[in-house]
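Undergrad:
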Amino acid sequence: MMKKYIFSFAFVFTFFSCSELLQVASTVGTEVLTSGTATNTENVAGLKSALNLGIESAVANLGKTNGFLGDAALKILLPPEAQPIVDNIKIIPGGQDLVNKAVQSLNAAASDAVQSATPIFKNAITNMTIADGAQILFGGKSAATDYLKSKTFSQLTSAFAPKVSNSLGKKLIGNTSTSQAWSSLTSAYNQVAGTAVGAVAGMKPVNVNLEQYVTQKALDALFVKIANEENSIRTNPQARVNTLLQKVFGQLDNK
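With this note's numbering applied, the sequence shown covers -2 to 252.
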């Protein structure tokens, strides 16, 4: 009889223990315990972690010496509005040298400015609301980056522009700032444009908002680099440097 009571007690204890385990599983996400699928909270955290790694990598690459100038795809050229300068370069005193210095300075300023981009981006990433992490996770090779850009670009532009303005004023090449190099180039061109020779050649003064132009180019480049890092995490398990990334992006391996 005693054995019967002990058996019954053990059965009841086991039954309720299993029920409690199921309740816990429901709390943290049953699918995690049964199939390894991440919860939406984990998906969102994983996406943000990937974006944070992306901005760190982007700044490390673009913020180094010649980070922009040495990247053929992201090198900043003269603004489109300055094309008349290139077209009439031969009649501008020292024109080609002025162009070369301006381009070098533009890229140096961008590299200098992006060094301060990490906290700006990380703040935007932290505060970004993602309702459906799975939709972005399974959305494409740069879906998280694209989402970040669509939700925070205006905010990032406002926060980043002062950094660019500061960099444009620094004497990064020799004893000349980017603003000075740009002024030398456009002043030389505009001076010729205001002469009879310039009028015959159809030259018109060039006026560009340099801060706005470099800010746009620098942000575009950062997003390109972040997207590259995101794609690497999506496709290369070795790029998933923490357990959260391994769990979240591991869901893509069998898709």
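Quick reminder that beta carbons are idealized off the backbone N, C-alpha and C, glycines included. Computed from a prediction, not measured in an experiment: that's the story for all the values here.
1. How big is the Cα-Cα spacing for residue 53 and residue 201?
2. Nearest by alpha-carbon distance to residue 225: which of 166, 62 and 47 is it?
3. Taking buried to mean at least 16 other C-beta atoms within 10 Å of its own C-beta, is residue 76 buried or exposed?
4. Can you tell me the Cα-Cα spacing of residue 20 and residue 144, whole angstroms?
5. Would you decide whether residue 214 is buried or exposed? Buried here means 16 or more other CB atoms lie within 10 Å of its CB.
6. Terminal residues of the continuous alpha helix (DSSP H) containing residue 122?
7. Taking DSSP as the reference, what is the three-state secondary structure of residue 62?
8. Can you give me the start and stop residues for the alpha helix (DSSP H) that residue 73 sits inside?
9. Would you give the residue range spanned by the alpha helix (DSSP H) that residue 79 belongs to?
10. Rounded to the nearest angstrom, what separates residue 264 and residue 216 at their Cα positions?
11. Please report the residue range of the alpha helix (DSSP H) in which residue 87 lies.
12. Measuring alpha carbon to alpha carbon, tell me which residue in 108, 87, 38 and 189 is nearest residue 132.
13. CB-CB under 8 Å to residue 61, same chain, minus the five flanking residues each way: which ones, in chain order?
14. Report back the beta-carbon spacing between residue 241 and residue 134 to the nearest angstrom; my notes put them in contact at under 8 Å.
15. So, with DSSP's three-state summary, where would you put residue 36?
16. In three-state terms, what does DSSP make of residue 45?
17. Entirely within the stretch 168 to 239 and at least 4 residues each: give me those alpha helix (DSSP H) ranges in chain order.
18. With three or more C-beta pairs closer than 8 Å as the rule, is the stretch 102 to 120 touching the stretch 149 to 164?
19. Thinking residue 117 and residue 157 are a contact (beta carbons under 8 Å), I'd like their distance in whole angstroms, please.
TA: By the coordinates alone:
1. 42 Å
2. 47
3. buried
4. In this prediction, residue 20 has a pLDDT of 39, which is less than 50 and means its spatial position is unreliable; nothing more can be read from the coordinates.
5. buried
6. 114 to 124
7. coil
8. That residue, residue 73, is in no alpha helix (DSSP H); it is neither H nor E in DSSP.
9. Premise fails: residue 79 is in no alpha helix (DSSP H) and is neither H nor E.
10. Here the chain has residues from -2 to 252 only, and residue 264 is not among them.
11. Looking at the DSSP string, residue 87 is not in any alpha helix (DSSP H), and its letter there is neither H nor E.
12. 38
13. 108
14. Between residue 134 and residue 241 the Cβ distance is about 12 Å, and since that is not below 8 Å, they are no contact.
15. coil
16. helix
17. 175 to 190, 193 to 198 and 207 to 232
18. yes
19. 6 Å
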